[in-house]
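Everything on this sheet refers to the single structure shown next.
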Amino acid sequence: KAGVTQTPRYLIKTRGQQVTLSCSPISGHRSVSWYQQTPGQGLQFLFEYFSETQRNKGNFPGRFSGRQFSNSRSEMNVSTLELGDSALYLCASSLAVGSGETQYFGPGTRLLVL
Amino acid sequence: SQQGEEDPQALSIQEGENATMNCSYKTSINNLQWYRQNSGRGLVHLILIRSNEREKHSGRLRVTLDTSKKSSSLLITASRAADTASYFCATSPAGANSKLTFGKGITLSVRP
Numbered sequence: 054k055a056g057v058t059q060t061p062r063y064l065i066k067t068r069g070q071q072v073t074l075s076c077s078p079i080s081g082h083r084s085v086s087w088y089q090q091t092p093g094q095g096l097q098f099l100f101e102y103f104s105e106t107q108r109n110k111g112n113f114p115g116r117f118s119g120r121q122f123s124n125s126r127s128e129m130n131v132s133t134l135e136l137g138d139s140a141l142y143l144c145a146s147s148l149a150v151g152s153g154e155t156q157y158f159g160p161g162t163r164l165l166v167l
Numbered sequence: 002s003q004q005g006e007e008d009p010q011a012l013s014i015q016e017g018e019n020a021t022m023n024c025s026y027k028t029s030i031n032n033l034q035w036y037r038q039n040s041g042r043g044l045v046h047l048i049l050i051r052s053n054e055r056e057k058h059s060g061r062l063r064v065t066l067d068t069s070k071k072s073s074s075l076l077i078t079a080s081r082a083a084d085t086a087s088y089f090c091a092t093s094p095a096g097a098n099s100k101l102t103f104g105k106g107i108t109l110s111v112r113p
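Respectively, the protein sequence lines represent chains Z and Y. Heads up: take any position in the first sequence, counting from 1, add 53, and you land on our numbering. Heads up: take any position in the second sequence, counting from 1, add 1, and you land on our numbering.
Structure representation (structure tokens):
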């Protein structure tokens with residue numbers, strides 16, 4: 054079974070631009086979560102989607118948004134990019150929503166904002 | 002905010018030795034998971050231990066959980082150079098919530 058895939062793997066943008074990242078979960082998985090990883094803040098939860106509905110949201114500004122499609126694929130969007138948005142963005146999928154579920158992570162998208 | 006705190010922050014051992022990493026957390030949890038990350042790549046799930054479990058094994062990995070002390074340990078036996086990576090503990094709260102709260106991670110270096 055193929056793992057979680059994320060596209061693109063690397064991205065360079067300039068301040069003020071917007072970016073869309075994509076995540077395809079493991080086949081059959083319906084829950085997708087997004088995390089941001091930076092050297093200073095570590096791994097931080099962005100949001101979680103299940104059945105096309107946002108179930109949980111982390112403490113990030115409204116510039117960060119996401120959505121999930123009927124095939125469970127998910128996208129996250131960051132508008133008006135800031136230098137501090139440079140990070141590794143990780144997507145994780147699990148069979149269902151709930152704290153008992155193992156989450157499987159993709160390889161990440163590394164975003165550099167200049 | 003970081004829920005878990007791993008200890009030590011960095012660990013360097015010789016191949017063949019055992020590596021023990023510790024994690025402490027602050028609030029009640031439903032389960033605790035350990036992940037490995039190689040050099041800025043994706044996280045690889047290692048093991049999940051539920052709050053009603055005290056010990057779990059998977060291959061060369063042994064995880065313990067002490068909910069009274071709010072702590073967990075990950076033991077890697079007979080380490081290999083390929084075990085060189087960053088290791089993270091992540092906790093999940095009880096309930097219908099998949100959110101993981103990660104510690105800052107432990108950098109393990111295994112010298113050949």
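C-beta: ideal position from N, C-alpha, C; glycine also.
With a Cβ-Cβ cutoff of 8 angstroms, do residue i and residue j count as a contact?
i                : j                : result
Cys90 (chain Y)  : Ser73 (chain Y)  : yes
Leu148 (chain Z) : Gly93 (chain Z)  : no
Leu66 (chain Y)  : Ile77 (chain Y)  : no
Ser127 (chain Z) : Arg83 (chain Z)  : no
Glu88 (chain Z)  : Leu96 (chain Z)  : Inspection of the sequence shows that residue 88 (chain Z) is occupied by Tyr rather than by Glu. The answer is yes: Cβ separation under 8 angstroms.
Ser1 (chain Y)   : Lys100 (chain Y) : Shown here, chain Y extends from 2 to 113; a query on residue 1 (chain Y) therefore has no answer.
Pro94 (chain Y)  : Ile48 (chain Y)  : no
Cys76 (chain Z)  : Gly151 (chain Z) : no
Glu1 (chain Y)   : Gly104 (chain Y) : For residue 1 (chain Y) there is no data in the structure shown, the boundaries of chain Y being 2 and 113.
Using a Cβ-Cβ cut-off of 6 angstroms (strictly less than) and excluding sequence neighbours within five positions of residue i, which residues of its own chain qualify?
i                : result
Ser87 (chain Y)  : Gln38, Gly106 and Thr108
Lys110 (chain Z) : Phe100
Lys66 (chain Z)  : Val72, Leu134 and Val166
Tyr63 (chain Z)  : Arg163
Hey, quick one: how far does the beta strand (DSSP E) through residue i stretch, first residue to last?
i                : result
Thr21 (chain Y)  : Ala20 to Ser25
Gly119 (chain Z) : Phe117 to Gln121
Asp67 (chain Y)  : Leu62 to Asp67
His82 (chain Z)  : Segment: none, His82 (chain Z) is in no beta strand (DSSP E) and carries neither H nor E.
Glu101 (chain Z) : Gly95 to Phe103
Ser130 (chain Z) : Sequence inspection shows Asn at residue 130 (chain Z); the Ser mentioned does not correspond to that position. Ser127 to Val131 is the span of the beta strand (DSSP E), which, as asked, contains Asn130 (chain Z).
Asn32 (chain Y)  : Asn32 to Gln38
Thr58 (chain Z)  : Thr58 to Thr60
At a Cβ threshold of 8 angstroms, is residue i touching chain B?
i               : result
Asn39 (chain Y) : Any reference to chain B falls outside this structure, whose protein chains are Z and Y.
Whole-angstrom Cβ separation of residue i and residue j, contact assumed at under 8 angstroms?
i                : j                : result
Cys144 (chain Z) : Val72 (chain Z)  : 14 angstroms between Cβ atoms; not a contact.
Thr155 (chain Z) : Tyr142 (chain Z) : About 20 angstroms separates the two Cβ atoms, so there is no contact after all.
What does a CB cutoff of less than 7 angstroms around residue i pick up in its chain, not counting 5 residues either side in sequence?
i                : result
Val131 (chain Z) : Gln71, Val72, Arg116, Phe117 and Asp138
Between which residues of its own chain and residue i is the CB-CB distance below 8 angstroms, once the five residues before and five after are set aside?
i                : result
Asn19 (chain Y)  : Leu76, Ile77, Thr78, Ala79 and Ser80
Gly119 (chain Z) : Trp87, Leu99, Phe100, Tyr102, Gln107, Ser127, Glu128, Met129 and Asn130
Query raised in the report: What are the uninterrupted segments assigned as beta strand (DSSP E) that are 3 or more residues long and contained completely in the stretch 82-107 of chain Y, given in chain order?
Result: 86-93
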